[in-house]
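Have a look at the structure below before the remarks.
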Amino acid sequence: MRNKLLGIMVMLLAVLMVTGSAFAADGGAEPAAATMEEVNLDKEAAGMDEGEYNDEDSDISFDFVINAIPAALLIDMSGNNFGLDSGGGRSTASSVYMMPNISAGIGADIDGKFYLDAMLGVGVIVNESVRSFFTQATLSGTVAASQSLSIGPRIGLIQFIGTEWLDDEALLDEVDFDDSTGFMIGLQIAMGDRVRYLVNIDYISMDLDANLPAGVTADNNGTLEVEGLAVQFGVRGEF
Numbered sequence: 036m037r038n039k040l041l042g043i044m045v046m047l048l049a050v051l052m053v054t055g056s057a058f059a060a061d062g063g064a065e066p067a068a069a070t071m072e073e074v075n076l077d078k079e080a081a082g083m084d085e086g087e088y089n090d091e092d093s094d095i096s097f098d099f100v101i102n103a104i105p106a107a108l109l110i111d112m113s114g115n116n117f118g119l120d121s122g123g124g125r126s127t128a129s130s131v132y133m134m135p136n137i138s139a140g141i142g143a144d145i146d147g148k149f150y151l152d153a154m155l156g157v158g159v160i161v162n163e164s165v166r167s168f169f170t171q172a173t174l175s176g177t178v179a180a181s182q183s184l185s186i187g188p189r190i191g192l193i194q195f196i197g198t199e200w201l202d203d204e205a206l207l208d209e210v211d212f213d214d215s216t217g218f219m220i221g222l223q224i225a226m227g228d229r230v231r232y233l234v235n236i237d238y239i240s241m242d243l244d245a246n247l248p249a250g251v252t253a254d255n256n257g258t259l260e261v262e263g264l265a266v267q268f269g270v271r272g273e274f
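First residue of the sequence shown? That's 36 in this note's numbering, and the numbers climb one at a time after it.
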């Protein structure tokens, strides 16, 4: 059986060789030219396909991004109830903070489906008890849920500087706090096209160590701990 199959394959190969020789003899050089032309066309087509493939792979556009957050509310849920005791009485920290901020950075739109951005910003966290300026660095990555809605996680570091105790005017110039670094992790929601509504929901944690003058004592070993949920509303521009 194997010998028969080998014989048939040899006969087919011989027929193909004879047929090819006959076509070459009848057509002269023209078939070769046609063959070369087909090869060139195939190369051009292959080149176009390769170029299109590369374009799809590199479909990334970069934007200058600005986030402006005029309305931001941080609710401290640590339950520490930090306070100071002095000759003038006791003053305590409120558990609700406002934290307006603005940031700018670079964003990358990947295939219109994913958006990554790295931002640097400044702001202030304040209530009737405490005021602190801060700088922040954040990274976020969102997925396009629809043409005008994207949602995804974000993380960041916050550096608190120039913190002041406001609850007791007599202690305003007497009590200060060390600069401190906190962190946040949460969710970013953007709605719209190039100018978008922005909602950030973050868990924020920070510790502020107080430097106390003589005659003043503080709760929690002199550390103001804030751990809570921040809800931020603003606008976002991608240019």
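Virtual Cβ for every residue (Gly too), placed ideally from N, Cα, C.
Same chain, Cβ closer than 6 angstroms to residue i, neighbours up to 5 away in sequence not counted
{"i": "Val-261", "result": "Asp-111, Met-241"}
{"i": "Val-266", "result": "Leu-108, Ile-236"}
{"i": "Ser-175", "result": "Asp-152, Arg-189, Gln-223"}
{"i": "Asp-214", "result": "Ile-196"}
{"i": "Gly-272", "result": "Ile-101, Val-230"}
{"i": "Arg-125", "result": "Gly-118"}
Chain-order list of residues whose beta-carbon lies under 7 angstroms from that of residue i (same chain, five-residue window excluded)
{"i": "Lys-78", "result": "Because the pLDDT of Lys-78 is 48, which lies under 50, any placement of that residue in the model is unreliable, and the number read from its coordinates should be weighed accordingly. There are no such residues."}
{"i": "Ile-160", "result": "Leu-109, Tyr-132, Met-134, Ser-167, Phe-169"}
{"i": "Ala-103", "result": "Ile-137, Gly-269, Val-270"}
{"i": "Tyr-238", "result": "Met-219, Ile-220, Gly-221, Leu-264"}
{"i": "Gly-257", "result": "Asp-244, Ala-245, Leu-247"}
{"i": "Glu-226", "result": "Glu is not the amino acid found at residue 226; the sequence shown has Met there. Excluding residues within five positions, the ones whose Cβ falls inside 7 angstroms are Ser-183, Leu-184, Tyr-232."}
For residue i: DSSP bridge partner residues
{"i": "Arg-229", "result": "Answer by DSSP bridge pairing: none, since Arg-229 is not bridged."}
{"i": "Leu-192", "result": "Ala-172, Phe-218"}
{"i": "Asn-246", "result": "Asp-211"}
{"i": "Val-234", "result": "Ile-224, Phe-268"}
{"i": "Gly-197", "result": "Note: Gly-197 sits in no beta bridge, so no partner."}
{"i": "Val-261", "result": "Met-241"}
Integer Cβ distance of residue i from residue j, believed to fall under 8 angstroms
{"i": "Val-5", "j": "Gly-187", "result": "The first residue shown for the chain is 36 and the last is 274, placing residue 5 beyond what the model contains."}
{"i": "Gly-263", "j": "Ser-113", "result": "7 angstroms"}
{"i": "Phe-99", "j": "Phe-274", "result": "5 angstroms"}
Cutoff 8 angstroms; reference residue i; Cβ partners in own chain excluding five residues on either side
{"i": "Leu-41", "result": "Note that Leu-41 scores a pLDDT of 45, beneath 50, so its modelled location is shaky; the value from the coordinates is reported in the next line. Excluding positions up to five away in sequence, the list is empty."}
{"i": "Gly-122", "result": "Gly-250"}
beta-carbon residue i near the ligand NAD non-hydrogen atom, thresh 7 angstroms
{"i": "Val-230", "result": "As for the ligand NAD, it is missing from this structure, which has no ligand bound."}
Practice task
Kindly confirm or deny that the stretch 194 to 202 and the stretch 169 to 186 touch, where touching means at least three C-beta pairs closer than 8 angstroms.
Solution key: Result yes; three or more Cβ-Cβ pairs closer than 8 angstroms.
Practice task
Pick out the complete beta strand (DSSP E) segments inside the stretch 84 to 163, 3 residues or longer, and give them in chain order.
Solution key: Restricting attention to beta strand (DSSP E) runs no shorter than 3 residues, the stretch 84 to 163 encloses them at 95 to 111, 118 to 121, 124 to 127, 131 to 133, 136 to 145, 149 to 161, ordered along the chain.
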